[in-house]
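Enquirer: Before I ask anything, here is the structure I am working with.
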Amino acid sequence: MLRSIARLQCRLGGLQCLRDPTSYFSINRNAYSTATAERRKFYKDVSISQGEGGVYEINLDKRKLKTPGGKLFTAPNEALAIAVATEWDAQRDTLKFYTMHLTTLCNTAIDNPTHRDKQQMITAALKFLETDTVCYRVDNPPALVELQKNEWDPVLHWIENRYNVVIGSSYNILGPEIPEATQDTFRQHLNSYNFWSLTGLEYVITQLKSVVFALGLIDRHLTVEEAVLLSRLEEEYQIQHWGNVEWAHDYDMYELRARTAAGALFVQLSSESSTVKRKLLQD
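Under the working numbering, the first residue of the sequence shown is numbered 591, with each subsequent residue one higher.
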């Protein structure tokens, strides 16, 4: 089991992981995302309403919210609709789209800009497993070797026991060879997610660069803080030893926490089937 966050933070440090297979498993941010966009706020009131087929729509004054692709914005359940509406209601004079992670994830699920189906998304996730951060270990310096062993091994052992699989780790740049049986087990597990939930899980995996940490978070074995710190283990180790650019480290850390938390929440809310019986906005 992981030690407390405080102890982990005082020991961490590291270099940025160079293994980044996000080309296999990513949202087309340049062509689609509004991550860096801002515009003047054009509405006063936010509300939700139930549309045809039981889906929920977001209303900005009397206007129906639409996706970047021009489709009517719809959420599959009331819980997710409330969460998205809250993001819009929290905006002030300027709309900061880069803070609206749940809205962006819904847009991605609705527009599907990369035109993938569930099986293609699952295959991409399994590609990421082959380059999982937790599988690659350094052989020097000894302090970082010990840190990876103490902090990553418990999570690796947990997921192997949880899913009855073998993953392993390696000091070789090629990484461990993932058994076919392990891939089959994870394929079957990921197939149990609906398309929307897979969209959220994909987002969490790309943030943490780890299927292991992402599933640990979704299964509530790890908190957001733990998952983020573990994913940045090498980088935090290096910062501890060599220092960091003023404010940049904290900003990156909090941004990663926010994105990771939003992705995990999206997975939970997009799996929600019950109706939330409460008013969206209070006068």
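Cβ coordinates follow ideal geometry from the N, Cα and C atoms, glycine included.
If you're wondering where the values come from, they're calculated on a predicted model, not measured in any experiment.
Have a look at His811 and Leu788 and give me their C-alpha separation to the nearest angstrom.
Expert: About 19 Å.
Enquirer: Please list, in chain order, all residues of the same chain as Met591 whose beta carbon is under 7 Å from its beta carbon, the five residues on each side excluded.
Expert: In this prediction, Met591 has a pLDDT of 40, which is less than 50 and means its spatial position is unreliable; what the coordinates show is noted afterwards. Once the five neighbours on either side are set aside, the close Cβ partners of Met591 are Pro744.
Enquirer: In terms of residue numbering, what span does the beta strand (DSSP E) encompassing Arg629 cover?
Expert: Counting along the chain, the beta strand (DSSP E) containing Arg629 begins and ends at 628-630.
Enquirer: Which of helix, strand or coil does DSSP assign to Glu647?
Expert: Glu647: strand per DSSP, three-state reduction.
Enquirer: Quick check: the Cα distance between Ala817 and Gly644, rounded to an integer number of angstroms?
Expert: So the two alpha carbons sit approximately 35 Å from each other.
Enquirer: What three-state label does DSSP hand Val755 in the structure shown?
Expert: Three-state DSSP puts Val755 in coil, outside helix and strand.
Enquirer: If distances are taken between C-alpha atoms only, which option among Lys661, Lys634, Arg706 comes closest to Ala675?
Expert: If we check each option's Cα against that of Ala675, Lys634 comes out closest.
Enquirer: Helix, strand or coil for Gln738? Go by DSSP, reduced to three states.
Expert: Here Gln738 sits in helix by DSSP.
Enquirer: Name the residue from Gly660, Gln640, Thr664, Glu668 whose alpha carbon lies nearest to the alpha carbon of Leu859.
Expert: Among Gly660, Gln640, Thr664, Glu668, the Cα nearest to that of Leu859 belongs to Glu668.
Enquirer: Go through its chain and collect everything with a Cβ distance to Arg847's Cβ below 8 Å, but skip five positions before and after it.
Expert: Contacts found: Val814, Glu815, Val818.
Enquirer: According to the neighbour-count rule (16 or more other Cβ atoms, all chains shown, within 10 Å of its Cβ), is Phe569 buried or exposed?
Expert: This structure gives no information on residue 569, because the portion of the chain shown stretches from 591 to 873.
Enquirer: Excluding the 5 residues preceding and the 5 following Arg629 in the sequence, name in chain order all residues of the same chain whose CB lies nearer than 6 Å to its CB.
Expert: These residues qualify, in order along the chain: Leu685.
Enquirer: Under 8 Å by Cβ, that's how I've got Thr772 and Ile749 pegged, so tell me the actual separation to the nearest angstrom.
Expert: The pair is not a contact, with the Cβ atoms about 10 Å apart (cut-off 8 Å).
Enquirer: Using the Cβ count rule (16 or more neighbours within 10 Å means buried), how would you classify Trp678?
Expert: The residue is buried, with at least 16 neighbouring Cβ atoms inside 10 Å.
Enquirer: Of the residues Gly790, Glu824, Leu820, Met690, which one's Cα is nearest the Cα of Ala699?
Expert: Comparing Cα-Cα distances from Ala699 to each of Gly790, Glu824, Leu820, Met690, the minimum goes to Gly790.
Enquirer: Below 7 Å CB to CB, which residues in the same chain sit around Ser616 once its five sequence neighbours on both sides are set aside?
Expert: Summary for Ser616: the model assigns pLDDT 38, below 50, so the residue's position carries little reliability; its value from the coordinates is reported in the next sentence. Cβ within range, chain order: Thr796.
Enquirer: Once you ignore the five residues that flank Met711 on each side, which residues in its own chain have a CB closer than 7 Å to its CB?
Expert: Leu788, Glu792.
Enquirer: To test your reading of the DSSP string, which unbroken beta strand (DSSP E) runs of 3 or more residues are found completely within the stretch 800-860?
Expert: Counting whole runs of 3 or more residues, the stretch 800-860 contains no beta strand (DSSP E) stretch at all.
Enquirer: Spatial neighbours of Glu849 within its chain, please: CB distance less than 8 Å, with the 5 preceding and 5 following residues excluded, ordered by chain position.
Expert: The sequence as given places Arg at residue 849; Glu does not occur at that position. Excluding sequence neighbours, Arg849 sits near His691, Tyr793, Gln797.
Enquirer: How do the stretch 706-721 and the stretch 768-785 stand: do at least 3 beta-carbon pairs fall below 8 Å, yes or no?
Expert: In short, these stretches touch, since the Cβ pair count reaches three.
Enquirer: Just the C-alpha distance for Val801 and Leu662, rounded to the nearest angstrom, thanks.
Expert: In a straight line, the C-alpha of Val801 is about 32 Å away from that of Leu662.
Enquirer: Could you check how far apart the C-beta atoms of Val735 and Val728 are, in whole angstroms? I think they sit under 8 Å.
Expert: Correct: roughly 6 Å between the Cβ atoms.
Enquirer: With a 10 Å radius around its C-beta and 16 neighbouring C-beta atoms as the bar for buried, classify Tyr726 as buried or exposed.
Expert: Flag for Tyr726 reads buried.
Enquirer: Out of curiosity, what's the CA-to-CA distance linking Ala715 and Ala852?
Expert: So the two alpha carbons sit approximately 19 Å from each other.
Enquirer: If we ignore side chains and look at the alpha-carbon of each, how far apart do Ser637 and Ala671 end up?
Expert: In a straight line, the C-alpha of Ser637 is about 9 Å away from that of Ala671.
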